[in-house]
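Engineer:
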Amino acid sequence: MSKIIFKREDIKPFLEGLTIYGTGGGGEPEWGKVILENDLDRGRVYEIVNPEDIEDDAFICSGGIMGSVKSLDDLSFVDTTLGWEKDFPLVNAIRAMEKIKGRKVDYLIPFEVGALNTPVIMSAAARLGIPMINGDACGRSCPETQMASFIGHGIDLYPMPLLDSYGNTTIVMKGNTPTYADEVGRFIVVKGGGFGANAHYPMSGAELKRSCVPYTVTRAIEFGKVIENANIKGENPVEAFRKTVDGKLLFEGVISHLEGEDRGGFYLTNLTMDGKGQFSGKKLKMVVKNESMAVWIDDKLAIMFPDCAFMLDTETGYGIPSIDHKVGLAMSIVCTPCHERIRECMETEIGKIAYGAARYGYSELEYIPFENL
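Going by the UniProt record's numbering, 152 is the number at position 152 of the sequence shown; the sequence numbering is gapless.
Given below as structure tokens:
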């Protein structure tokens, strides 16, 4: 089995790529920087393996940090990370999963690609002495636990051990709906200090290989290098990224109106942009639930979740977390279809419920693929 060893020089491009992949959520890059540097300073080793190299009978689970981007932003990154040296809640959640299933976890896979939730899984894997898989369940960041490729390929989310920031432990053993675990989890983290850590989606290696979105970890590093190289060469970094992902420049402009609130374990935003350049005279409306959910241009639906609306700084090409949105910010929106594994999930009844527009307040909308809008 070939393993990729993550190195210190990978940190900057990796975090730049993860922030783009985050589509507004997934955590602030400063979180990831502190976590990665702390681990490497302490001699921890990040081993990453490709999905096809996993044994069919291996035992794998996913997990991450749960909380709104606003509540996480209010924490001290350094103090929280140092506190995790004494008690790392994500490792505790994984240990709880092992106890429930009666088996040691062989590999971890990120739930999503984001600047906190990917590094935190890397850290958990390094602390446990196991590799992390080069892939995830979203191909972007997603606001809710059931929004995963796994769920549409016959893999159960449950059980879900969850530890809040006070150390309280809850195990959601079963739910009658795919959204139940996340709804319970959000209630718990809101009551338990604003954030928590969970483990979920226990599966075999064979199940993983037919359900995950592959290679997103190394793709994040590639994205970051593309942006860095374009800036060094004085080229347009947004266009360089668009070419790399074979995407569409959907809009460029400036945020003219913004309404945001931290509610129910999410950071919810409605923003309006005034178009610039080739989009002059046009208006964009975006709904954000930690991550970009749906976009309208001149009141016409242009893209909807789980397809990807990447939010980039127009000048630098860097990804923009939703917590950093402000009036006057110049932003470019590059869009792509979601990964085929997510599209397969959207064809199932459980996937339609898990990803449905009702989850961000638009129950009247049915999913239409980006390329058909």
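The beta carbon of each residue, even a glycine, is placed where N, CA and C say it ideally should be.
Quick caveat: nothing in here was measured; it's all calculated off a predicted structure.
1) Taking the alpha carbon of I60 as the point to measure from, which residue in P161, S2, V190, G205 has its own alpha carbon closest?
2) Going straight from the alpha carbon of R242 to that of Y107, what length do you get?
3) Taking the beta carbon of K289 as the centre, do at least 16 other beta carbons fall within 10 Å, making it buried, or is it exposed?
4) Quick check on V184: does DSSP put it in helix, strand or coil?
5) Report all residues from its chain with a CB closer than 7 Å to the CB of M1; omit the five preceding and five following residues, and keep chain order.
6) What is the DSSP secondary structure of V45, reduced to helix, strand or coil?
7) Given this structure, state the Cα-to-Cα distance separating P214 from P131, to the nearest angstrom.
8) Less than 8 Å between the beta carbons of E112 and A137, yes or no?
9) For residue 374, which beta-bridge partners are listed by DSSP?
10) What residue range is occupied by the uninterrupted beta strand (DSSP E) comprising N198?
11) Using DSSP with H/G/I as helix, E/B as strand and the rest coil, what is T23?
12) Identify whether P143 lies in helix, strand or coil by the three-state DSSP scheme.
13) Taking Cβ to Cβ, would you say L258 is nearer than 8 Å to T269?
14) Name the one or two DSSP bridge partners that F251 has.
15) Got a sec? Which residues, its chain only, sit under 6 Å from V172 by beta carbon, not counting five neighbours each side?
16) Considering only their Cβ atoms, is the gap separating N117 from G196 smaller than 8 Å?
Structural biologist: Well, looking at it:
1) Ranked by Cα distance from I60, the options P161, S2, V190, G205 are led by G205.
2) Roughly 32 Å between the two C-alpha positions.
3) The residue is buried, with at least 16 neighbouring Cβ atoms inside 10 Å.
4) It is helical.
5) So the list reads V49, D53, once near-sequence residues are dropped.
6) In the structure shown, V45 sits in coil (DSSP, three-state: anything other than H, G, I, E or B).
7) Near 15 Å, if we compare the C-alpha coordinates of P131 and P214.
8) Between E112 and A137, the C-beta spacing is below 8 Å.
9) Outside the displayed span of the chain (1 to 373) sits residue 374, for which this structure offers no information.
10) Element bounds for N198: 195-204.
11) Residue state, collapsed to three classes: coil.
12) DSSP places P143 in coil when its eight states are reduced to three.
13) Yes. Within cutoff.
14) For F251, which the question treats as bridged, DSSP gives the partners I333.
15) For V172, where only same-chain residues beyond five positions count, the Cβ hits under 6 Å are M160, A181, V184.
16) Judged by beta-carbon spacing, N117 lies beyond the 8 Å limit of G196, meaning their Cβ atoms are not closer than that value.
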